[in-house]
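Chemist:
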Amino acid sequence: MSQPPDSHTPPEVSDSHPEVAAMDQGLDTTAKSSNVSSQNGSQEKLTKGLTKGRKRGNQGNFSGVYLKRLEENSAAYVAIEKKRAQTLWRTEFISSWFKEWPWHTNGVPEEFEIIEPIPKPSATDPFAVELVSFESTGLSREAYDELVSRRDNERAKRQEDGRQKSSSNASVFSGLLKQICNVGRPPRLTEPYKYYMSQPEYKDRVAEIYESRWKKADLDPKYRLWFHTQVAKEVFEGESAELRERIETEAKREHEKDLAAYKQLMNGDKIAITKLEEFGDLAKEIARENLVKYVGPLLDALGVLTGMPLTMIGGIPPRAGGEPDEFTCLTFSAEWWVWWATINPDWRERDVRNGRLRASTDEPKEKERWDVMRRPGQCGMLTVVLCLYHWFNKLNEEGEDEETKDWAAALADVIWVVQSMNQLFGKGKRGKKRKNSVEVVPEGRVLRARR
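If you read the sequence shown in the UniProt record's numbering, its first letter stands for residue 1, the second for the next number, and so on.
(1) How far does the alpha helix (DSSP H) with Y223 in it extend, from its first residue to its last?
(2) Do you know offhand how far W226's Cα is from I94's?
(3) From the DSSP output, which residues share a beta bridge with E130?
(4) Measure the CB-CB distance between K233 and Y193 and report whether it falls below 9 Å.
(5) To which residues does DSSP link residue 454 through a beta bridge?
(6) Measure the alpha-carbon distance for Y223 versus H255 and round it to whole angstroms.
(7) DSSP state of K203, grouped into three classes?
(8) So M373 and M421 are supposed to be a Cβ contact under 8 Å. How far apart are they, rounded?
(9) Terminal residues of the continuous alpha helix (DSSP H) containing L139?
(10) Under the assumption that V108 contacts E116 (Cβ atoms under 8 Å), give the Cβ distance between them as a whole number of angstroms.
(11) Could you tell me the alpha carbon to alpha carbon distance between Y389 and L382, rounded to whole angstroms?
(12) By a C-beta neighbour count over all protein chains shown, 10 Å radius and 16 as the cutoff for buried, is Q199 buried or exposed?
(13) What did DSSP end up calling N344 once you bin it into helix, strand or coil?
(14) Count the other CB atoms, across all protein chains shown, that sit within 10 Å of the CB of P119; report buried if there are 16 or more and exposed otherwise.
(15) Straight-line CA distance for E239 to R155?
(16) Measure the C-alpha to C-alpha separation of V338 and Q86 and round it to an integer number of angstroms.
(17) Taking the beta carbon of L305 as the centre, do at least 16 other beta carbons fall within 10 Å, making it buried, or is it exposed?
(18) For V206, collect the residues of the same chain with a Cβ closer than 7 Å to its Cβ; drop the 5 residues on either side in sequence, then sort them by chain order.
(19) Where does V417 fall in DSSP's three states?
(20) Rounded to the nearest angstrom, what separates L411 and V418 at their Cα positions?
(21) Return helix, strand or coil for F227, following the three-state DSSP convention.
(22) Which term fits W347, buried or exposed, when burial requires 16 or more other beta carbons within 10 angstroms of its beta carbon?
(23) Please tell me whether W336 and W391 are closer than 9 Å, where the distance is taken between their beta carbons.
(24) Is D413 close to chain B? Criterion is C-beta to C-beta, closer than 9 Å.
(25) Starting from the Cα of residue 457, find the closest Cα among D204, T105, W407 and give me that residue.
(26) Let me check understanding here. Comparing Cα to Cα, which of L67, I247, D413 lies closest to W97?
(27) Could you name the residues of the same chain whose beta carbon sits closer than 7 Å to that of W103, not counting the 5 residues immediately before and after it, in chain order?
(28) In angstroms with no decimal places, state the Cα-to-Cα distance between E250 and L189.
(29) What residue range is occupied by the uninterrupted alpha helix (DSSP H) comprising E239?
(30) Using a Cβ-Cβ cutoff of less than 7 Å, which residues in the same chain neighbour A217 once the five nearest sequence positions on both sides are dropped?
(31) So, R141 versus F112, is the Cβ gap smaller than 9 Å?
(32) Any idea what DSSP makes of I80, helix, strand or coil?
(33) Check G303 in the structure and name its three-state DSSP category.
(34) Smallest Cα separation from L259: which of R84, G138, V129, E160?
Have a look at this one:
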């Protein structure tokens with residue numbers, strides 16, 4: 001086992017580029033005029049000729065036979081009243097569309113013309129085609145198969161890009177949903193051994209070997225995850241060649257599925273609450289990572305508008321048959337600090353380095369300045385303590401050193417707040433504890449809420 005570890009893309013061509021627009025109209029863009037003024041004049045006349053008799057504004061993506069086909073079928077679609085029937089109609093129509101025009105509204109790329117199927121319509125199938133054999137192309141079998149594979153992939157991409165971007169069931173929040181589902185890079189292909197260790201049938205075996213070895217490893221706790229993956233890699237490499245090949249295939253298949261979902265999400269396709277299930281867990285994972293980034297400022301703004309500090313607490317419910325108190329912690333640190341800052345008084349100072357609250361050396365003497373913290377319910381101190389408790393339990397399972405420091409800082413700030421409040425509200429005139437006070441028991445740092 002090894003020791004613990006101490007794309008640029010070319011600019012896209014815009015569809016609005018003059019040459020691209022001219023090519024779409026079937027114009028020759030290679031010819032050069034003798035002078036600029038003549039060229040400008042000719043272009044102006046040409047533009048007037050092309051647009052004569054047409055409506056102003058965006059002319060859309062369809063013209064010619066494509067537009068004619070849409071116009072011929074639009075009345076039939078509009079006449080359908082039930083949504084289910086509309087969905088079935090669209091599915092059949094789109095299927096027939098791509099049978100007739102496999103490359104959508106684009107011509108066949110020159111490199112694929114040699115293998116493009118030959119139309120052979122029949123009485124039963126007007127879109128029937130005859131495949132081109134590799135012998136007739138003059139290519140070797142390997143070259144033919146490679147070209148067909150690239151052709152199929154490129155054609156599938158063109159068809160996917162050309163499919164309807166559905167906005168059914170979308171709402172006024174569609175823009176926000178798209179932002180929350182936005183991600184900077186596509187999902188990565190999981191290493192086969194990591195995919196192997198995540199599968200239920202192998203997970204327990206890897207965990208058992210890991211636990212037995214970890215006790216003897218004498219490594220810093222921060223290397224737990226690294227050590228776990230190294231054990232999984234070793235166990236995976238000891239499996240049969242047939243099993244390793246199957247795992248690699250499954251990992252690639254799952255990656256392709258996630259990648260397809262990613263492309264749809266990035267195109268804004270079906271960004272509606274009732275449609276996100278189509279993307280599986282990928283959309284949920286992306287949304288969880290971006291939740292605080294996009295919703296935090298929204299809650300801040302709503303807090304200013306309403307005069308009420310607002311927060312949002314969420315958690316994944318227990319799995320089927322799981323314990324009622326089973327808790328799933330997701331990027332909890334960031335959410336907790338945002339929430340904690342929101343429910344604290346506005347006068348509290350923030351650390352300029354990370355934006356977190358910090359203890360003040362000049363403690364306020366006016367009780368009213370702490371009133372915002374004396375609230376029951378979801379944002380009360382009992383909820384704060386409960387969150388810290390679950391956060392700590394999660395760290396014991398898989399927390400890194402930096403996350404542990406983060407939790408300790410959060411605990412220290414909560415203790416400072418409780419002690420400050422206790423000095424003002426803890427005792428009455430006769431030295432008795434008042435109701436709704438909060439005390440800190442130094443032994444073990446146990447927090448109790450009195451009601």
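Backbone N, C-alpha and C define an ideal beta-carbon position, used for all residues, glycine too.
Modeler: Walking through what the data contain:
(1) Looking at the DSSP string, Y223 is not in any alpha helix (DSSP H), and its letter there is neither H nor E.
(2) 48 Å
(3) I118
(4) yes
(5) With the chain covering only 1 through 451, there is no way to say anything about residue 454.
(6) 27 Å
(7) helix
(8) 6 Å
(9) First-last for L139: undefined, no H or E at that position.
(10) 5 Å
(11) Rounded to whole angstroms, Y389 to L382 spans 11 Å at the Cα level.
(12) Q199 comes out exposed.
(13) coil
(14) P119 should be labelled exposed.
(15) 38 Å
(16) One C-alpha to the other measures close to 45 Å.
(17) Answer is exposed; the Cβ neighbour count stays below 16.
(18) M197, V231, A232, V235
(19) helix
(20) 11 Å
(21) helix
(22) Exposed is the label assigned to W347, since fewer than 16 other Cβ atoms lie within 10 Å of its Cβ.
(23) Cβ distance < 9 Å, so W336 and W391 count as in contact.
(24) No chain B is present in this structure, which holds just one protein chain.
(25) It is not possible to answer for residue 457, since the shown part of the chain is limited to 1 through 451.
(26) L67
(27) Listed in chain order, the non-local C-beta contacts of W103 below 7 Å within the same chain comprise R155, R158, local neighbours out to five positions each way being set aside.
(28) Near 11 Å, if we compare the C-alpha coordinates of L189 and E250.
(29) From DSSP, E239 is part of no alpha helix (DSSP H); its letter is neither H nor E.
(30) Excluding sequence neighbours, A217 sits near F227.
(31) no
(32) coil
(33) Three-state DSSP puts G303 in a helix.
(34) E160
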